[in-house]
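Just below is one structure, and these are the notes that go with it.
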Amino acid sequence: MTAVRRVLLPSPRSFCAGVERAIEIVERLLEQHGPPVYVRNQIVHNAQVVAGLEARGAVFVSELDEVPAGALVVFSAHGVAPAVEAEAARRGLDAVDATCPLVAKVHAEAKRAADAGDTVVLIGHDGHEEVVGTMGVAPAQTVLVETAADVAALRVADERRVTYLSQTTLAVTEVEAIAAALRDRFPHIRGQGAEDICYATSNRQAAVAAIVDEADLVLVVGSANSSNSNRLVELARTAGVASYLVETAAAVDPAWLDGAATVAVTAGASAPPRLVDEVVAMIAGLGPVEVVERAVAEETQEFLLPQRLRGT
Ligand code: SF4
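Under this note's numbering, the first residue of the sequence shown is numbered 170, with each subsequent residue one higher.
Laid out in structure tokens, this is it:
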């Protein structure tokens, strides 16, 4: 077995501002109100984060009917359809919205376009919670495309009245290709290329792209349902480099490290930084390594907490 000599840490990696805000909302509510604090769906797509909050008294549910009448419920960072907000109000729930402001921005764009009479073409992955929420803004006027091939089959009410938007956590290159196919098909379409992809997703992709040619192996820390984490694995594999998604250091198969002199370790936006540290420590435990940070951007983005939690 060839010992790893170098660990590259592409930066930015790990938590983004939207994930930090969502976790802080649940933590502060637990401190203020004590358990239980109900959370609709995983607050962020990371099993370790969810388990940590569960241990402190958060109760994760799939549907609002699992929340007792009048109880406190948090909507996850991925956002919810307006019908879910209405249902919470109808049941008298005390709802706190942890939707990432960048997802909320896409919801606002969908509403604006639909109110203006456009068909909204959403580029996204069917069934992803963010997509379910965004489709729910104007369900009668929104259609989903997952691939450039889907574009040919699209039917819209008026080809001159179409706007496209995208899920925030897709691959920049993939969205650009689908947007190009949409512009070919609908020359009057409105939309902004890959601009709906959030800064955190695009920065993490750029950071991996910048080092992938130097790496023999790219390990991405993240949960299996984390969209932006999966895109990082795909990016590395597309570049011809072996890459695996790992939940924790325990999931790293030592056989992957055979012959890998340079290993890059990154993490999706929902994965805690300590899990990256643990993967690096696991590799360092196999023999001496040089650990090298490689930054392509500095992230200074912060999002305000909901008004009721500020200054608490
Ligand atoms: S990945 Fe992007 S959209 Fe999702 S929570 Fe983070 S900043 Fe917001």
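Ideal placement from N, C-alpha and C gives every residue a C-beta, glycine not left out.
Item, Value
"Cβ of residue 337 within 8 Å of any heavy atom in the ligand SF4?", "yes"
"Answer yes or no: do residue 183 and residue 438 have a C-beta to C-beta separation smaller than 9 Å?", "yes"
"Quick one: give me the first and last residue of the beta strand (DSSP E) that residue 412 is part of.", "411–415"
"In whole angstroms, give me the CA-to-CA distance for residue 459 and residue 425.", "19 Å"
"Less than 8 Å between the CB of residue 361 and some heavy atom of the ligand SF4, yes or no?", "no"
"Quick one: what's residue 179 bridged to in DSSP?", "463"
"Report all residues from its chain with a CB closer than 7 Å to the CB of residue 464; omit the five preceding and five following residues, and keep chain order.", "180"
"Can residue 294 and residue 278 be called in contact, C-beta distance under 9 Å?", "no"
"Just grab the DSSP bridge partners of residue 311 for me.", "289"
"Just tell me which of 205, 211, 408 has its CA closest to the CA of residue 394.", "211"
"The ligand SF4 heavy atoms versus the CB of residue 270: any closer than 8 Å?", "yes"
"If you pair each beta-carbon of the stretch 429–436 with each one of the stretch 363–382, do three or more pairs fall below 8 Å?", "yes"
"Should residue 246 be counted as a contact of the ligand SF4 given a C-beta to heavy atom distance under 8 Å?", "yes"
"Confirm the yes/no value for this check: CB of residue 370, any heavy atom of the ligand SF4, distance under 8 Å.", "yes"
"Tell me the rounded alpha-carbon separation between residue 216 and residue 370.", "19 Å"
"So what's residue 365 in DSSP terms, helix, strand or just coil?", "coil"
"Note the first and the last residue of the continuous beta strand (DSSP E) segment covering residue 197.", "No beta strand (DSSP E) contains residue 197, which is instead part of the alpha helix (DSSP H) from 186–202."
"When every heavy atom of the ligand SF4 is checked, does at least one fall within less than 8 Å of the C-beta of residue 394?", "no"
"Alpha carbons only, please: which of 296, 188, 446, 249 is nearest the one belonging to residue 214?", "188"
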